[in-house]
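All letters in the sequence shown, in the order written, are residues 16 to 146 by the working numbering.
Everything below concerns the one structure shown next.
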Amino acid sequence: MYKGRTKFNAAMSDYILAFSISIGFLIATVASHYYEEASWVKIGLSIMLLISLGGILETFTSFITLEKDELKLRRSFKCLVVKRSDISKVSNDKGCPTFLVLHNNTKIEIPSVGENGVANSIRAWVRATSK
Numbered sequence: 016m017y018k019g020r021t022k023f024n025a026a027m028s029d030y031i032l033a034f035s036i037s038i039g040f041l042i043a044t045v046a047s048h049y050y051e052e053a054s055w056v057k058i059g060l061s062i063m064l065l066i067s068l069g070g071i072l073e074t075f076t077s078f079i080t081l082e083k084d085e086l087k088l089r090r091s092f093k094c095l096v097v098k099r100s101d102i103s104k105v106s107n108d109k110g111c112p113t114f115l116v117l118h119n120n121t122k123i124e125i126p127s128v129g130e131n132g133v134a135n136s137i138r139a140w141v142r143a144t145s146k
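Spelled out as structure tokens, the structure:
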């Protein structure tokens, strides 16, 4: 039975980075309206502000949960449930995102939750036998 960590969320540094970028675009957008910059600058900064706010939502909603017989993950506002028995291996090459490889050779990218040991935790969870 797996007794390690079962819930993985984004690291505090991810939250700080997302908020910092959004605040920067907010200040730039307000300044462009205040100083009456060209309309394309206002539109561009407003779009970047909306994209950065979407990044904050993505950071807050991404997670990985290891339950008794299934792995739940949320990435890009989509929730996915994978059974333990469907996972063939966990691919974790240096400099590349972590993937789950299923028995039918489907690859599922694991959300970046700011943890280096996520792949090892998932491997240990897959190997653990339920009793």
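Glycine included, C-beta positions come from ideal geometry on N, C-alpha and C.
Item to check | Expected contact under 8 Å - CB spacing of T74 and D29 to nearest Å | outcome: As a first step, residue 74 must be located in the sequence shown, where it is residue number 59. As a first step, residue 29 must be located in the sequence shown, where it is residue number 14. Contact holds; Cβ gap of about 5 Å.
Checklist entry - Buried or exposed: which applies to L65, given that a residue is buried once 16 or more other Cβ atoms fall within 10 Å of its Cβ? => result Residue mapping note: residue 65 aligns to position 50 of the sequence shown, counting from 1. When all chains shown are included, L65 counts as exposed.
Item to check | N135 - containing alpha helix (DSSP H), residue span | outcome: Counting from one through the sequence shown, the residue named residue 135 turns up at place 120. Segment V133 to R142, the alpha helix (DSSP H) holding N135.
Checklist entry - Hey, would you say I42 sits closer than 7 Å to S67, going by beta carbons? => result Residue mapping note: residue 42 aligns to position 27 of the sequence shown, counting from 1. Residue mapping note: residue 67 aligns to position 52 of the sequence shown, counting from 1. No; because the gap between Cβ atoms is not below 7 Å, this pair is not in contact.
Checklist entry - Near L86, what residues of its chain come up, given a Cβ to Cβ distance below 6 Å and the 5 sequence neighbours on each side ignored? => result Mapped onto the sequence shown, residue 86 falls at position 71. Closer than 6 Å at Cβ, skipping near neighbours: V97.
Checklist entry - Can you tell me where the alpha helix (DSSP H) with S61 in it begins and where it stops? => result Here residue 61 refers to the residue found at position 46 of the sequence shown. Run containing S61: S54 to T76, per the alpha helix (DSSP H) assignment.
Next on the checklist: For a quick check, are the C-beta atoms of Y17 and A143 less than 7 Å apart?
Outcome noted: The residue labelled residue 17 in the question sits at position 2 within the sequence shown. The residue labelled residue 143 in the question sits at position 128 within the sequence shown. In this structure, A143 lies closer than 7 Å to Y17 by Cβ.
Next on the checklist: Cutting at 6 Å between CB atoms, please list the residues of its own chain near W140, excluding the five before and the five after it.
Outcome noted: One-based indexing of the sequence shown puts residue 140 at position 125. Hits under 6 Å: Y17 and L81.
Checklist entry - Excluding sequence positions up to five away, which residues of its chain have a Cβ less than 7 Å from the Cβ of K146? => result By one-based count along the sequence shown, residue 146 stands at place 131. Here the model assigns K146 a pLDDT of 46, short of 50, so the residue's position is not dependable and the matter cannot be decided.
Item to check | Cα-Cα separation, S106 to I79 | outcome: The count along the sequence shown starts at 1 and reaches residue 106 at position 91. The count along the sequence shown starts at 1 and reaches residue 79 at position 64. If I take the Cα positions, the gap works out to 16 Å.
Checklist entry - My guess is that V128 and N24 are in contact by the Cβ rule of under 8 Å, so how many angstroms apart are they, rounded? => result One-based indexing of the sequence shown puts residue 128 at position 113. One-based indexing of the sequence shown puts residue 24 at position 9. That pair is a contact at about 6 Å.
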